[in-house]
Structure formats: structure tokens, C-alpha cells
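Below is one structure, written out as C-alpha cells, with a few remarks after it.
Residue numbers (my numbering), protein chains in the order written: chain Z, 1 to 113; chain U, 1 to 114.
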């Protein structure tokens, strides 16, 4: 049983570019949450997707957007990249938005130069 | 606004020592509190989850306690081993939200010296 998978593992972009990160939830899970973890910090909630809709959003600008597909996988898009967007982006999946048990993926390390 | 703080930021202990990691939160209206482990550059592994109605949870050499009224939790690690070296994060799920959004502390970086 595959856990949460994320791609790519690492990514290097330059300021102003756009990036798309991908997440496949654990088998049987229908809810995906995205977190941003800057170096030396704890993860911060970006948003959550369920039934292909954004259900809750953290304190992130509109440059951060997402999508959930019918197979429950999800994408995180970041436009007009800033140096401060450099971070580890974590995806977590769960069965329903209110379920306590969440599984985290290995993350995508984004570096913005 | 819920804020989570972890002390100390870093800790180095010799192998075999018992240790305590601390976590505090500002709003006691929580559903639960979780402790996670994170190895360098990796994702998070859930260690223990304590519901707001519980006082503690145990798993092997780990014991987590929760005092909701004072906004504090501790993670006790018995007989530490070099393999315990990692960053330990605590996170709360606050009441009032419709999702399982977690609010994390900044973590404690633990090094267990052989």
C-alpha cells in the first residue's frame, strides 16, 4: 500500500517563475492538505482540498493556488516566485477533512534563486 | 489566534539519558495535540496523538502528556538512543475549524550522542 507520494523531490526556480508541485494521497484517502515549511520553522498550513474544492485556506497570498482531481490527487501552484518561497512543501492526506489521522508525504524541496 | 511554542529549540544528550521536550499553546480550545518526528529534509511521522479529553498517551519509550488548562504538553523519551536523533514537532488542532488543519511549533532538534 503506497503512502503519500510527492513529485518532484527537488526543484530549482528563479524569481518570477511559476511552479507546480504534485501530490498523490494514500490509497483510500480523499482529502489533501498542503503545508509550507521554511528552514528551521514548523510547517504552516496553506490550504486543504476535498471533493475538488478548497475547503480552508491559511494566511497565504493568491499567488498560491491549488487543484484536486477526480482521483483525489492534488497540485499546488505558485506564481511569481519570490526568494521567500524557498521551502519544503509537504502534502498530507486523510480520510475526510475532519479526520484526526493524517499521513504526510516526503515533501518537495523548492529553491528560488 | 493559536500559537504553539517549543522549548528548547535544540537539545544534545548522551545515549541512555531520559529527556523531556516541552510544547505550549496559547488557546486551550483544542481538539487534540500531536507529536511528530522529522528526519532531516524528510516528511513527518506521527508519534502520538492526545485527544483533548485525555491526559497522556504512551508508545514504547515515548510518553506524551497534555494539560489543556495550562496550555502545555510534554514528550518524555526514556533511555534515549542515537536513532532518536531528529526534530520533534508538536501540533494542535484547534476547535472552531471545519478541517483537520494543524498549527505547528518550530520544533526541538534532538541529538543523542553515542
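C-beta: ideal position from N, C-alpha, C; glycine also.
Predicted model, so just to flag it, every value in this text is computed and none were measured.
{"query": "Comparing the C-beta of residue 104/U with each C-beta of chain Z, is any distance below 7 Å?", "result": "yes"}
{"query": "Whose Cβ in chain U lies nearer than 9 Å to the Cβ of residue 100/Z?", "result": "31, 32, 34, 49, 51, 93 and 100"}
{"query": "Starting from the C-beta of residue 17/Z, find all residues in its chain whose C-beta is less than 6 Å away, skip the five residues before and the five after it, and write them out in chain order.", "result": "81"}
{"query": "Taking Cβ positions, are residue 56/Z and residue 44/Z nearer each other than 7 Å?", "result": "no"}
{"query": "Tell me the rounded alpha-carbon separation between residue 78/U and residue 20/Z.", "result": "42 Å"}
{"query": "Residue range of the beta strand (DSSP E) that residue 44/Z falls in?", "result": "44-50"}
{"query": "Would residue 66/U and residue 33/U be called neighbours here (beta carbons separated by less than 7 Å)?", "result": "yes"}
{"query": "According to DSSP, is residue 110/Z part of a helix, a strand, or is it coil?", "result": "strand"}
{"query": "Which chain U residues are close to residue 41/Z, counting only those with a beta carbon under 9 Å from its beta carbon?", "result": "104, 106 and 107"}
{"query": "Determine the contact status of residue 28/Z and residue 103/Z, defining contact as a CB-CB distance below 7 Å.", "result": "no"}
{"query": "Which residues in the same chain have their Cβ closer than 6 Å to the Cβ of residue 72/Z, if we skip the five residues on either side of it in sequence?", "result": "25 and 30"}
{"query": "Using a Cβ-Cβ cutoff of less than 7 Å, which residues in the same chain neighbour residue 19/U once the five nearest sequence positions on both sides are dropped?", "result": "11, 13, 77 and 80"}
{"query": "Here's the rule I'm using: 16 or more other beta-carbon atoms within 10 Å means buried, otherwise exposed. How should residue 83/U be labelled?", "result": "exposed"}
{"query": "Rounded C-beta distance between residue 6/Z and residue 23/Z? I'm assuming under 8 Å.", "result": "5 Å"}
{"query": "Just to confirm my understanding: we take residue 100/U, look at its own chain, exclude 5 residues before and 5 after, and list those with CB closer than 8 Å. What are they?", "result": "93"}
{"query": "Restricting to Cα atoms, I'd like to know which of 4/U, 35/U, 29/U and 62/U is closest to residue 53/U.", "result": "29/U"}
{"query": "Any C-beta of chain U within less than 9 Å: which residues of the segment 61-91 of chain Z qualify?", "result": "88, 90 and 91"}
{"query": "Check each residue of the segment 4-18 of chain Z: if its Cβ is closer than 9 Å to any Cβ of chain U, include it; give the result in chain order.", "result": "4 and 6"}
{"query": "Using three-state DSSP, classify residue 85/Z as helix, strand or coil.", "result": "helix"}
{"query": "As a quick exercise: from 24/U, 16/U and 113/U, pick the residue whose alpha carbon is nearest that of residue 106/U.", "result": "24/U"}
{"query": "Which word fits residue 36/U, buried or exposed, when buried means at least 16 other C-beta atoms lie within 10 angstroms of its C-beta?", "result": "buried"}
{"query": "Looking at the structure shown, is residue 83/U part of a helix, part of a strand, or coil, going by DSSP?", "result": "helix"}
{"query": "Please list, in chain order, all residues of the same chain as residue 112/U whose beta carbon is under 7 Å from its beta carbon, the five residues on each side excluded.", "result": "13, 15, 80, 81, 82, 84 and 85"}
{"query": "Measuring CA to CA, which of 31/U, 8/U and 88/U is closest to residue 96/U?", "result": "31/U"}
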